[in-house]
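Enquirer:
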Amino acid sequence: MKQFIKFEEKGLARELIETAIRFKANPLINQEKGKGKRIGLIFLNPSLRTRVSTQIAASNLGIESVVLNMDKETWALEMKDGAIMNKNTVEHIKDAAAVLGSYFDLLAIRAFPTLSDKTEDISDFTLHQFIKYANVPVVSLESAIRHPLQSLADMMTIQENLNGKKKPKVVLTWAPHIKAIPHAVANSFSEWALGCGHELSITHPEGYELDEGFTKGATVEYDQAKALKDADFVYVKNWSAFQSYGKIIHVDEPWLLTEEKLKQSPDAKVMHCLPVRRNLELSDEILDGKRSLVQQQAKNRIFAAQSVLDKIIS
Ligand code: CP
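Each number in our numbering comes from the position in the sequence shown (counting from 1) with 879 added on.
1. Taking all protein chains shown into account, do 16 or more other C-beta atoms lie within 10 angstroms of the C-beta of E1218, making it buried, or fewer, making it exposed?
2. Determine the contact status of D1189 and L940, defining contact as a CB-CB distance below 7 Å.
3. Would you call Q1143 buried or exposed, if buried means 16 or more other Cβ atoms sit within 10 Å of its Cβ?
4. Tell me the rounded alpha-carbon separation between I1165 and V978.
5. When we look at the beta-carbon of Q1176 and count the other beta-carbons within 10 Å, is it buried (16 or more) or exposed?
6. I think V1050 touches L1141, with their Cβ atoms under 8 Å apart; what is that distance to the nearest whole Å?
7. Going by Cα to Cα distance, which pick from E1100, A1097, F922 is closest to N948?
8. Mind checking whether the beta-carbon of Q1029 lies closer than 6 Å to any heavy atom of the ligand CP?
9. Cβ of S926 within 6 Å of any heavy atom in the ligand CP?
10. Along the chain, where does the beta strand (DSSP E) containing T1098 start, and where does it finish?
11. At the level of alpha carbons, what is the spacing between R1156 and P1055?
12. Are there any heavy atoms of the ligand CP lying less than 6 Å away from the beta-carbon of L1161, as far as the coordinates show?
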């Protein structure tokens, strides 16, 4: 595996999940494997879980990691090829990525979308500019359109909580938010859940349809109560509109997930990638209650990342 930027195929996903579960039981089993290797963790946007879990994952494999907060600590990057750099950007991605590629054995990058330039975002422009010029394997730490390390941890968490169920009902439910939020987590969750063979229902207010390229095979249901009925896993996430790109569409119905709404789903476990705005996206009663898998998901981020790094250096 030379890159980890999206779901590739079911067999590989299964292998990565199984390896992640093995690492969780014995995190230091391959602690010598990455000795002498270095990974650069490049952040163009903020992060808590992805930054720390990937550093721990690297450390568990003996890989040295260096974190670079490109948004604050380095030169302002020009991403567009052929640009005349007579404005605010100081260094071209062609030069910066090549330099970083010569310093590190692997690079990992977080690059959020603009949420204003749809064409640029859906081409995952920044991630691919890094890949083009880095000349070393690249791991996505969340791109404009996908968050594969989160989804791998999410699939691992579902696997750990199946309780013998062969065909769980998985529901992705939209949640309210005050800001325009990227589609990456929702896109990737859909891509991985469907790719792993889960039955997926996506529920959201009209106007919040995701890019069909990620949701083909899922049931889209505008009635949240109907979608939630008999659910085994309920993934809560906000995203901004995709058609009216990056916009927040006013919604009259209350979409906050509450215990009351899960009365018809007694066994439902609730998931969220975090960070979460409590009592806006998800109620305290659910986040602090028995249904919540959010802490398990966050912990599993370490082993998902470890599984990916282990595969790349193998
Ligand atoms: N879930 C997630 O990616 O968290 P961070 O943005 O804090 O890394």
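Glycine included, each C-beta is placed from N, C-alpha and C at the ideal position.
Treat the numbers as computed from the prediction; the structure is a model and nothing was measured.
Expert: On the basis of the coordinates in this document:
1. Residue 1218 lies beyond the stretch modelled for the chain, which goes from 880 to 1193, so this question has no answer here.
2. Yes, the pair counts as a contact, with Cβ atoms nearer than the cut-off.
3. Its Cβ having fewer than 16 others within 10 Å, Q1143 is exposed.
4. In a straight line, the C-alpha of I1165 is about 46 Å away from that of V978.
5. With 16 or more other Cβ atoms within 10 Å, it is buried.
6. With a beta-carbon spacing of about 10 Å, V1050 and L1141 fall beyond the 8 Å limit used to define contacts.
7. Comparing Cα-Cα distances from N948 to each of E1100, A1097, F922, the minimum goes to F922.
8. Q1029: yes, Cβ under 6 Å from the ligand CP.
9. Yes; taking the cut-off as 6 Å, the Cβ of S926 has a heavy atom of the ligand CP nearer than that.
10. Per DSSP, T1098 is one residue of the beta strand (DSSP E) stretching across 1098-1100.
11. Taking the straight line joining both Cα atoms gives about 9 Å.
12. It does not: the Cβ of L1161 is nowhere closer than 6 Å to a heavy atom of the ligand CP.
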